[in-house]
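**Q**
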Amino acid sequence: MKIESYENLIVWQKSMDLVIAIYTVTGKFPKEEIYGLTSQMRRAAVSIPSNIAEGSRRSSRKDFRNFLLNAFGSGAELETQIRIARRLVYGEDKNYIRAEALLSEVMRMLNKLTHELNE
Numbered sequence: 001m002k003i004e005s006y007e008n009l010i011v012w013q014k015s016m017d018l019v020i021a022i023y024t025v026t027g028k029f030p031k032e033e034i035y036g037l038t039s040q041m042r043r044a045a046v047s048i049p050s051n052i053a054e055g056s057r058r059s060s061r062k063d064f065r066n067f068l069l070n071a072f073g074s075g076a077e078l079e080t081q082i083r084i085a086r087r088l089v090y091g092e093d094k095n096y097i098r099a100e101a102l103l104s105e106v107m108r109m110l111n112k113l114t115h116e117l118n119e
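1 is the number of the first residue of the sequence shown in the working numbering; add one for each residue after it.
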């Protein structure tokens, strides 16, 4: 698998959209969450495209796969944090729906790409 640029990967593009969606969701959180859930969710979201980009620049498929697994782990972390925020009733439902749809799509794509690199 030859990748010209990580920017050409649909999973990277979608994960960048996810970052924007998470910033939109967390932008409405209470001020006391700035160093708590807001920060954690933003870091987890940013970690996904960052790991995809870094892994794609590594010299082996195994290294790339490991970075994709890290991205997948950050996605699982973000999934949990979204559920916590929804239970706390932070933000508007429409923003969560968009973020959750993007996250679900990114997770499926990461899972597929990880398996392809394993072959």
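The C-beta atom is built at its ideal place from N, Cα and C for all residues, glycine as well.
The structure displayed is predicted, hence computed values, not measured ones.
#1: Alpha carbon to alpha carbon, how far is ILE51 from ASP63?
#2: So LEU18 packs on LEU103, CB below 8 Å; how close in whole Å?
#3: With 16 other CB atoms within 10 Å as the buried threshold, where does GLY27 fall?
#4: Would you check if the distance between the CB atom of LEU110 and the CB atom of ARG61 is smaller than 8 Å?
#5: Where do the ends of the alpha helix (DSSP H) carrying PRO49 lie?
#6: Return the residue from the list LEU9, ILE10, ALA21, TRP12 that minimises the CA-CA distance to ILE97.
#7: Cβ atoms of VAL25 and ALA99: under 8 Å apart, would you say?
**A** This is what the structure gives:
#1: In the sequence on display, residue 51 carries Asn and not Ile. Using only the alpha carbons, I get a separation of about 11 Å.
#2: Sure, about 6 Å apart at Cβ, within 8 Å.
#3: GLY27 comes out exposed.
#4: No, these two residues do not count as a Cβ contact at 8 Å.
#5: Counting along the chain, the alpha helix (DSSP H) containing PRO49 begins and ends at 37-56.
#6: Per the Cα distances, ALA21.
#7: Between ALA99 and VAL25, the gap from beta carbon to beta carbon is short of 8 Å.
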